[in-house]
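*Asks:* Under mature numbering (1 follows the signal peptide of the UniProt record, and there is no 0), the letters of the sequence shown match residues -19 to -1, 1 to 688, in that order.
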Amino acid sequence: MGKFPVIILLLNLWFTAFSATPTNITGFFRSGQVFLTWDEVTGGEKYCIYRTTAFITPAGLVDGNKVYEVIQGSSGNKVLKKYFDSTSKTDLVPRCIVTRNVINPIDPATSGTATPVPEGTGMIVLTTHSTGTYYYAVTAVVGGTEEKTINGNISGPIFETVQEPAPVLYWQSSTMNARYYLQYLDVDSCNPTLNNMYAWPYWIGVNPTYNSETKHGDLYLAVDGHPGGIGGANNGGALYSYISVNSADVSTWWFGYSSTFKYDTSHIEFSSNDSIVTSGPIVNYTQARIMNFLKWMIQTEPYYSSRIDTNQIWVRGGSMGGMGAINFCRTYPGFFCRGVAKVAPTDFFEAGVWQYIGEGELIWGARDNDAMTVEFRGWRSEWAQEYFGGMTVHEWLNAEDIYANNQDVDYPFLFSVHGGADGAVNYPVQGPGLYLALNGAKHGFCGGVAGAGGHSTGAAGYYPYCEYMQRYLKKSSSYLAISNASGNAALPLPDVCEDQIYNLNQQFIWSSAEYKVGNYQNQIDELNRYEIVIASTAGATVADITPRRLQNFRIIPGNEYIVKKTAVNDVDAVSQIDTITADEYGLVTFTGFEVDSGGPNTGGCRFVMVPVEPISDVTAQLLKNDGTLVTVSPNPFNPATTITITNGEQRVTNFGVYTSNGKLVAALKTSGHKSIVWDASGQPSGVYVIKATIGNRTVSKKAILMR
């Protein structure tokens, strides 16, 4: 071989190596995240991102410094491409044809659309976990080989601090009443192998008068049906509310997915070629990112934070979105004031075979896999993790059992309807059990079943007051849980429905500071007195009435309370009275309360409740800081744990361990003291409930057995 062919060969090799090195790398820090971009190389398969605290040299390109990898085309966005191509969102002005990620936001004072990251540009957004100064390098893999050279493919130094990430504003309507944001998740903790997605869009619409007034208003979270598009987004503003928030999902049923399983990243929706999930836990990633977005709106963003009434945040959805609404209410009962769930799946895995049970296994694992458990993360997740963390997936997705077995929880008031001829969310596999559970556990709800209704018509036929009144329910006000009403359909509901409306509590309305009943617009919710006006819009009715979400009135389990029915405007005109003992959950229920006919301006009657023995302010404060304490240590445990009850010298009785479904698995004896070791060697992994009766009340504690 002569000299020239050798030189040409060497030049070819040099140019090949050089072309495999990304160029034009830029990096900057903003609101807790680093944004990196680069020009992709021809034939690139993936890109490796390295981070160090000193200037990067080729010696620094080692696995210990590698923080992430992305594929060719990493600035693309599957969700944006699906929902924001040129044929969709045609009513938006200006048009919002954004199918790729956006890094630089538009000016919030103007209408317009941001410029997406162009094709051929790679990118990654990394969330900062430790304050410091960092350097970054990006290398390319071509033909299965990573080119580990440093030749202009570095960025830094970049000074970073730990902050709450802020989403990117990428569109605002011509009316200035609607916006789109892009939220970048922490790729280190969200398992982005699901659809290769870590950037999620949100539409926010505000009331047309929003920019000309300063009042507080309700915030409505919309969760759409399968597979989870941004339904209802428009150019003009809020839907059903003062502020509306619509997010997107990819068939996770507005809950989450595995933190460890490697999903197929090549497509956006699940298919029969996907594998059943075999590793967990299943984390509420979808809920967590939405809650973190709401946290930003409420606490940080000045355009919204000063206007949101945090006592009036509610969630609404149908079909998959209906299940999402129920899941949000179950996970965050102290956050949402109410939920609207239409044709919702209510027991995904345990009720029996139905249309989407196979898809669920591609997200959460086999329907009967006891090794698949749930974990809750994100803002305001502590309560759910304490109550339900470690529970099996199939138990958690059984909303019917969760409601039935958690009578002590004041869940958001729920409006729910189903169709008796629904072939999508298959009735009666889904639906009837929910109403039986809500009624039996004395939770607040209304709704029912349209007997001849299908999937799209299952919401038809309810009384107008039922859903309308809910718009006035606030977290800062009590509500009435109504059960066993004489005007209701008989429970359990039939498996085969007639062509009729099976009504459940749709006729009841009650007063609050925001809603008038019997020409009375208020509640009395004091330490030793509670009053509320209630009416039936469908004639006089007899029902069991349980006040829920009391603000100031204190109920002590085992104590007695005088409850009476009076005229709306004369509390001395008593027509019913009873002395009722509060149950173990701290609930007082008047059985057989005669609700008078009425409406907002006429009729109705007053529900009055006072303690037989009034309590002092000191006692009330002690109740807030309840001296009774049940500790389980260690927790989680395997296979034994020590259970200790601390509460002075009161006698402990009915001491036992139960499954999350209420089945007794171990009756415990304290032998004169209040500490005992429970050996769970013969029990399966899962969540157990320790219950003990102390004096006149029952206390409980969740314990997690993890093998």
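Each residue gets a CB set at the ideal place from its N, CA and C atoms; glycine is no exception.
Restricting to runs no shorter than 4 residues, where is the alpha helix (DSSP H) found entirely within the stretch 50 to 135?
*Replies:* If we require 4 residues or more, the alpha helix (DSSP H) runs fully inside the stretch 50 to 135 come out as 59 to 64.
*Asks:* Mind reading off the beta-carbon distance from LEU42 to TYR31? Whole number of angstroms is fine, and I expect it under 8 Å.
*Replies:* About 6 Å separates the two Cβ atoms, so the contact holds.
*Asks:* Tell me whether LEU645 is buried or exposed, calling it buried when 16 or more other Cβ atoms sit within 10 Å of its Cβ.
*Replies:* Flag for LEU645 reads exposed.
*Asks:* What does the alpha-carbon distance come out to for the pair ILE671 and ILE626?
*Replies:* Their backbone Cα atoms lie some 10 Å apart in a straight line.
*Asks:* Between the beta-carbon of GLU21 and the beta-carbon of GLY101, is there less than 8 Å?
*Replies:* Cβ atoms of GLU21 and GLY101: closer than 8 Å.
*Asks:* Do THR634 and PRO538 have their C-beta atoms closer together than 8 Å?
*Replies:* Not in contact: THR634 and PRO538 (Cβ atoms no closer than 8 Å).
*Asks:* Checking 8 Å against the spacing of the C-beta atoms, do THR241 and GLY261 come in under that value?
*Replies:* It is a contact, given that the beta carbons lie within the stated cut-off.
*Asks:* Bridge partners for HIS399 per DSSP, in chain order?
*Replies:* Answer is VAL430.
*Asks:* Is LEU645 near the ligand ATP, with its Cβ less than 7 Å from a heavy atom?
*Replies:* This structure lacks the ligand ATP; in fact it carries no ligand of any kind.
*Asks:* Any idea what DSSP makes of SER286, helix, strand or coil?
*Replies:* DSSP places SER286 in helix when its eight states are reduced to three.
*Asks:* For ALA521 and SER459, I'd like the C-alpha separation in whole angstroms.
*Replies:* Cα-Cα distance, rounded: 23 Å.
*Asks:* For residue 693, which residues from the same chain have a beta carbon less than 8 Å from its beta carbon, with the 5 sequence-adjacent residues on both sides left out?
*Replies:* It is not possible to answer for residue 693, since the shown part of the chain is limited to -19 through 688.
*Asks:* Helix, strand or coil: which one does DSSP assign to ILE596?
*Replies:* Coil at ILE596, not helix or strand.
*Asks:* For GLN532, count the other beta carbons within 10 Å of its own beta carbon; 16 or more makes it buried, fewer makes it exposed. Which is it?
*Replies:* With fewer than 16 Cβ atoms within 10 Å of its Cβ, GLN532 is classed as exposed.
*Asks:* For ALA684, which option in ILE482, PRO615 and GLY299 has the closest C-alpha, if you only look at C-alpha atoms?
*Replies:* Of ILE482, PRO615 and GLY299, the residue nearest in Cα terms is PRO615.
*Asks:* Check whether the Cβ atoms of PRO617 and GLY371 lie closer than 8 Å to each other.
*Replies:* Yes, these two residues count as a Cβ contact at 8 Å.
*Asks:* Got a sec, what are the start and stop residues for the alpha helix (DSSP H) ARG11 sits in?
*Replies:* Unbroken run through ARG11 is the beta strand (DSSP E), 4 to 11; no alpha helix (DSSP H).
*Asks:* For ASN46, which residues from the same chain have a beta carbon less than 7 Å from its beta carbon, with the 5 sequence-adjacent residues on both sides left out?
*Replies:* TYR31, ARG32 and THR33.
*Asks:* Can you name the start and end residues of the beta strand (DSSP E) that ASP575 belongs to?
*Replies:* As written in the sequence, residue 575 is Glu, which differs from the Asp given in the question. Counting along the chain, the beta strand (DSSP E) containing GLU575 begins and ends at 571 to 576.
*Asks:* Might you give, ordered along the chain, the residues of its own chain that have their beta carbon closer than 7 Å to the beta carbon of THR267, omitting 5 neighbours on each side?
*Replies:* Here the set comprises ASP230, THR233, TRP235, PHE236 and GLY237.
*Asks:* Work out the CA separation of CYS318 and HIS248 for me, nearest whole Å.
*Replies:* C-alpha separation (whole angstroms): 36 Å.
*Asks:* Just to confirm the assignment, what range does the beta strand (DSSP E) spanning LEU645 have?
*Replies:* Segment 645 to 648, the beta strand (DSSP E) holding LEU645.
*Asks:* Could you tell me whether the Cβ atoms of ALA471 and LEU485 are closer together than 8 Å?
*Replies:* Not in contact: ALA471 and LEU485 (Cβ atoms no closer than 8 Å).
*Asks:* Does the separation of the CB atoms of SER225 and SER155 fall below 8 Å?
*Replies:* Contact flag unset, no.
*Asks:* Report the three-state DSSP secondary structure of VAL374 (helix, strand or coil).
*Replies:* Of the three classes helix, strand and coil, the one that applies to VAL374 here is helix, per DSSP.
*Asks:* Would you give the residue range spanned by the alpha helix (DSSP H) that ALA385 belongs to?
*Replies:* Run containing ALA385: 380 to 385, per the alpha helix (DSSP H) assignment.
*Asks:* TRP335 to LEU378, Cα distance in whole Å?
*Replies:* Those two C-alpha atoms are separated by around 14 Å.
*Asks:* Measuring alpha carbon to alpha carbon, tell me which residue in ASN540, THR547, PRO620 and ILE515 is nearest ALA563.
*Replies:* Cα-wise, what sits closest to ALA563 is ASN540.
*Asks:* Assuming VAL410 and ALA325 are in contact, meaning their beta carbons sit under 8 Å apart, how far apart are those beta carbons, in whole angstroms?
*Replies:* Actually they do not touch by this definition, with Cβ atoms about 12 Å apart.
*Asks:* Using DSSP's beta-bridge definition, name the partner residues of ARG510.
*Replies:* DSSP output for ARG510 lists GLU507 as bridge partner(s).
*Asks:* DSSP has ASN227 in a bridge; who is on the other side?
*Replies:* DSSP, once it has assigned bridges, lists TRP184 and ALA203 as partnering ASN227.
*Asks:* In this structure, how does DSSP classify GLU363 when only helix, strand and coil are distinguished?
*Replies:* Helix, per DSSP.
*Asks:* Taking 8 Å as the CB-CB cut-off, is SER247 touching chain D?
*Replies:* Any reference to chain D falls outside this structure, which holds one protein chain only.
*Asks:* Suppose the cutoff is 8 Å on Cβ atoms and the five residues either side in sequence are ignored; what does the same chain contact list for GLU594 look like?
*Replies:* Once the five neighbours on either side are set aside, the close Cβ partners of GLU594 are ASN540 and GLU541.
*Asks:* Starting from TYR416, follow the alpha helix (DSSP H) in both directions and report where the run begins and ends.
*Replies:* From DSSP, the alpha helix (DSSP H) with TYR416 extends over 413 to 421.
*Asks:* Go to ALA306, then tell me how far its alpha helix (DSSP H) extends in each direction, as first and last residue.
*Replies:* Residues 301 to 312.
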